[in-house]
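Peer 1: Going by the numbering used here, the first residue of the sequence shown is number 24, and it counts up by one from there.
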Amino acid sequence: MRAEKVATAREDLLAAGLAVFDRDGFEGATVAAIRTRARASNGSFFHFFGSKKELAGTLFLEILARYHAAVIAAIDESCGAPQGVTRLIRAHLDWVANNRREARYLFEISRSEWTEELRGAQRAQNSRLAEAIERWRAPLIARGELLPMTATLFFSQIIGPAQIFCRAWLSGRDRSDPRDQTDVLTACAIRAVVAPDYKPGEMA
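#1: With C-beta atoms as the reference, is Leu82 less than 8 Å away from Ala97?
#2: Please state whether DSSP places Leu169 in a helix, a strand or coil.
#3: With His115 and Ile182 assumed to form a contact (beta carbons below 8 Å), what rounded beta-carbon distance in angstroms separates them?
#4: Starting from Gly80 and walking both ways along the alpha helix (DSSP H), at which residues does that stretch end?
#5: Which same chain residues end up closer than 8 Å to Ala174 when comparing Cβ atoms and leaving out the 5 residues on each side of it in sequence?
#6: Between the region 41-57 and the region 65-83, can you find at least three pairs of beta-carbon atoms closer than 8 Å?
#7: Are the CB atoms of Ala61 and Ala39 nearer to each other than 8 Å?
#8: CA-CA distance, Thr31 and Phe71?
#9: Whose CA, out of Glu125, Trp192, Ala165 and Arg190, lies closest to the CA of Leu15?
#10: Whether or not the region 183-196 and the region 204-224 are in contact is what I'm after, with contact meaning three or more pairs of Cβ atoms, one per stretch, closer than 8 Å; do they touch?
#11: Where does Gly66 land, buried or exposed, given buried means 16+ other C-beta within 10 angstroms?
#12: Within this structure, are the beta carbons of Glu139 and Ser194 separated by less than 8 Å?
#13: Which residues does DSSP list as the beta-bridge partners of Val217?
#14: Among residues of its own chain, excluding the 5 on either side of Phe44, which ones have a beta-carbon nearer than 8 Å to its beta-carbon?
#15: So the alpha helix (DSSP H) Arg190 belongs to, where does it begin and stop?
#16: On a Cα-Cα basis, can you pick out the residue from Pro201, Ala215 and Arg33 that is closest to Asn122?
#17: How many whole angstroms separate the CB atoms of Leu170 and Val216, which I take to be in contact at a CB cut-off of 8 Å?
#18: So, for Ala56: in the same chain, excluding its five sequence neighbours on each side, which residues have a beta-carbon less than 6 Å away from its beta-carbon?
#19: Around the C-beta of Glu168, are 16 or more other C-beta atoms found within 10 angstroms, so that it is buried, or is it exposed?
#20: CB-CB under 8 Å to Gln180, same chain, minus the five flanking residues each way: which ones, in chain order?
#21: What is the DSSP secondary structure of Cys102, counted as helix, strand or coil?
#22: Among Pro162, Leu163, Glu100 and Asp35, which one has its Cα closest to the Cα of Ala63?
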């Protein structure tokens, strides 16, 4: 029970941090505001986190892990080229639309300097995502279904345009649900990364 209470207290502080950062921004947020929302004492806060910045970095890594898990779950090695591209874009758009506060934090609010002390953990997470994508992508490149390009360029072609559109929605500049543009974004991505002479099968 003791361990459960400790875990709950930590999770409450992270949830409170997300809410306060979303409302006030990082600069405007205070440890006192986070503690108040979490109903935590000063001692409890500093038991888990050495500073507001440390909490922000930890929160970034936890949200990033959940986002990566959603993307990785979207594909497997049985997916063909168009099908995999479609699933990756849908996974990104669905996660953003269903987790707006977390997406705003990950893509709009967070800053790289918050994770300086957690850089190794961030690299490890990014590597796991890249390896999962490559397990699906490499055979398709070998068979000529996907155009050969670096992993970074591939991901920028798949997620980049969707990400730009989602940023407009997250910031309030565009009010339409990002998922409404799934078909257009998918068609553009397929043209960018799928071999032009490939005959696509079922895309769903």
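Where a beta carbon is used, it is the ideal one built from N, C-alpha and C, also for glycine.
Peer 2: Taking the structure as given:
#1: no
#2: strand
#3: 6 Å
#4: Counting along the chain, the alpha helix (DSSP H) containing Gly80 begins and ends at Lys75 to Ala96.
#5: Ala153, Ile156, Glu157 and Arg160
#6: yes
#7: Yes.
#8: 12 Å
#9: What the structure shows of the chain is the stretch from 24 to 227, and residue 15 is not part of that stretch, so it cannot be assessed.
#10: They touch, by the three-pair rule.
#11: exposed
#12: no
#13: Leu169
#14: Cβ neighbours of Phe44 beyond the five flanking positions: Ala52, Ala79, Leu82, Tyr128 and Ile132.
#15: Ala174 to Leu193
#16: Pro201
#17: About 6 Å; that satisfies the 8 Å criterion.
#18: Val43
#19: buried
#20: Scanning its chain for C-beta atoms nearer than 8 Å, with the 5 sequence neighbours on each side dropped, one finds around Gln180 the residues Met172, Ala212, Ala215 and Val216, in chain order.
#21: Coil.
#22: Asp35
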